[in-house]
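Visitor:
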Ligand SMILES: CC(C)(COP(=O)(O)OP(=O)(O)OC[C@H]1O[C@@H](n2cnc3c(N)ncnc32)[C@H](O)[C@@H]1OP(=O)(O)O)[C@@H](O)C(=O)NCCC(=O)NCCS
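In structure tokens form, the structure reads like this:
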């Protein structure tokens with residue numbers, strides 16, 4: 139049975155602070171170096187404009203952390219609890235962020251992804267992102283890809299935001 143869809147909110151600084159333990163639990167359920175609360179709360183450019191949080195009642199069930207880098211909106215992390223995956227939420231939120239970034243005059247959406255994480259890679263390539271380059275994480279030896287897509291291309295694929 140499909141779960142009821144969660145509410146999508148813009149993540150502001152107060153919400154990030156109040157929900158830090160739940161957000162870190164979600165983010166640190168993924169492979170890679172664990173995030174600290176300081177990393178979660180660091181005020182990057184437009185972070186609390188482009189980042190989102192999904193909630194059901196009082197529970198955080200997903201998060202997208204994003205910020206502006208020059209003319210790009212960069213996705214630092216996206217994760218949904220397992221029960222809420224493959225329901226179209228990831229596509230919808232990328233399109234919503236892309237529409238907002240395009241209205242702000244940005245041109246590109248970028249993300250990093252573990253190259254051996256086939257699900258995450260499939261999600262990003264389905265949305266039109268392509269691999270620009272790759273790098274080894276010196277701390278855990280994992281290989282990450284740098285991916286990007288013009289906002290215009292992302293907004294032309296799939297349904298309306
Ligand atoms: C990756 C993630 C954020 C995607 O969000 P989502 O809401 O599940 O994705 P959507 O349902 O919007 O899927 C969008 C498209 O990507 C595809 N896709 C999503 N997850 C996929 C998977 N695991 N394998 C293959 N394709 C996948 C969907 O089939 C869909 O394509 P379609 O519209 O042609 O059917 C989510 O699955 C997740 O939290 N995964 C675990 C954390 C993770 O890997 N984060 C990424 C770190 S880089």
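Residue numbers (my numbering): 139 to 299. Beta carbons are placed, not taken as given, at the ideal position from N, Cα and C, and that holds for glycine. Only a predicted model underlies this, so the values are computations on that prediction, with no experimental measurement involved.
1) How would you label residue 144, buried or exposed, when you count the other beta carbons within 10 angstroms and need 16 or more for buried?
2) What distance in whole Å lies between the Cβ atoms of residue 287 and residue 266, which are believed to be in contact at a cut-off of 8 Å?
3) Give me the residue from 141, 271, 178 with the minimum Cα distance to residue 153.
4) Can you tell me whether residue 264 sits near ligand 1, meaning its C-beta is under 7 Å from at least one heavy atom of the ligand?
5) Report buried or exposed for residue 201, applying the criterion of at least 16 other Cβ atoms within 10 angstroms of its Cβ.
6) Relative to the C-alpha of residue 191, which residue among 141, 237, 231 is closest?
7) Starting from the C-beta of residue 219, find all residues in its chain whose C-beta is less than 6 Å away, skip the five residues before and the five after it, and write them out in chain order.
Guide: Taking the coordinates as given:
1) Per the 10 Å Cβ criterion, buried.
2) Between residue 266 and residue 287, the beta carbon gap of about 4 Å places them in contact (Cβ cut-off 8 Å).
3) If we check each option's Cα against that of residue 153, 178 comes out closest.
4) Result yes, Cβ under 7 Å from ligand 1.
5) So residue 201 counts as buried.
6) Closest option to residue 191, Cα to Cα, is 231.
7) Excluding five sequence positions before and after residue 219, the CB atoms of its chain that fall closer than 6 Å to its own CB belong to 199, given in chain order.
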